[in-house]
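Asks: According to this note's numbering, the sequence shown is numbered sequentially starting from 91.
Let me begin by handing over the structure; questions about it come next.
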Amino acid sequence: KDHEGIVHLQGFAEVGSGAPLPKIFTLPPGYRPASATVLYQLVLCFPEPKPCIKDEPGEDAQIYSPVIVAGGNVNLEGIPLSGGVISAPERSVSLDGISFRAES
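Written as structure tokens, this is what we have:
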């Protein structure tokens, strides 16, 4: 988190097959988006072992996968997601470029 309160995620994560939604990790309080906020971003994905979303047909297409960053007090059908950084299962994703203002 920088001096202006912006959290910058970076790095590469290999997402497991956790059920029902695989968390990459959980952000601690003070480093999460605002309460009841859910951020959705497409990030670069590396297609092994599961295919990702291509932005256009062809071998040179950029490949993406969704990443969700949940603020505090977020539940999905009774599943607590608060502070979770979540992606599709069995994907390898880049977290570079995900930035947001931390809860106050």
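Built from N, CA and C at the ideal position, the CB exists for glycine as well.
Note that the structure is predicted; figures quoted are calculated from it, not measured.
1. Just to confirm before moving on: does the CB-CB distance between V183 and V133 stay below 7 Å?
2. Using the three-state DSSP reduction, which class does C142 fall into: helix, strand or coil?
3. Going by other Cβ atoms of all chains shown within 10 Å of its Cβ, with 16 needed for buried, is R191 buried or exposed?
4. Please report the distance separating the alpha-carbon of S194 from that of V97.
5. What would DSSP say about R130, mapped onto helix, strand or coil?
6. Look up R181 in the DSSP assignment and say whether it is helix, strand or coil.
7. Considering just the uninterrupted stretch of the beta strand (DSSP E) at K113, what are its terminal residues?
Replies: In short, the structure shows the following:
1. yes
2. coil
3. exposed
4. 12 Å
5. At residue 130 the sequence reads Tyr, which differs from the Arg that was named. Y130 falls in the strand class under three-state DSSP.
6. coil
7. 113-116
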